[in-house]
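As structure tokens, the structure follows; a few thoughts come after it.
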Amino acid sequence: MKTITLRLEDEFHKKIKLKTVQEDTTIQDYIVNLIKNDLLEKNKK
0 MKTITLRLED EFHKKIKLKT VQEDTTIQDY IVNLIKNDLL EKNKK
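Counting in numbering that gives the first Met the number 0, the sequence shown runs from 0 upward without gaps.
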């Protein structure tokens, strides 16, 4: 497994954090799912 570091503006991080709390998930899981979904969509084309 590899590690990626992201630098986010404070306000952007706050919005992501609120969304993940509402969805009962972690920021890590949220971002990994976004990437997976994007790759799956691109593979369908």
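Beta carbons are placed, not taken as given, at the ideal position from N, Cα and C, and that holds for glycine.
As the structure is a prediction and not an experimental result, all values here were calculated from the model.
N-terminal and C-terminal residue of the alpha helix (DSSP H) that residue i is part of
{"i": "L88", "result": "Since the first residue shown for the chain is 0 and the last is 44, residue 88 is missing from the structure and cannot be characterised."}
{"i": "E45", "result": "Residue numbering for the chain in the displayed model covers 0 to 44; residue 45 lies beyond these limits and cannot be assessed."}
Beta-carbon proximity of residue i to residue j, cut-off 9 Å
{"i": "K35", "j": "I26", "result": "no"}
{"i": "D28", "j": "T19", "result": "yes"}
Close-in-space but distant-in-sequence residues of the same chain around residue i (CB under 8 Å, 5 per side omitted)
{"i": "R6", "result": "none"}
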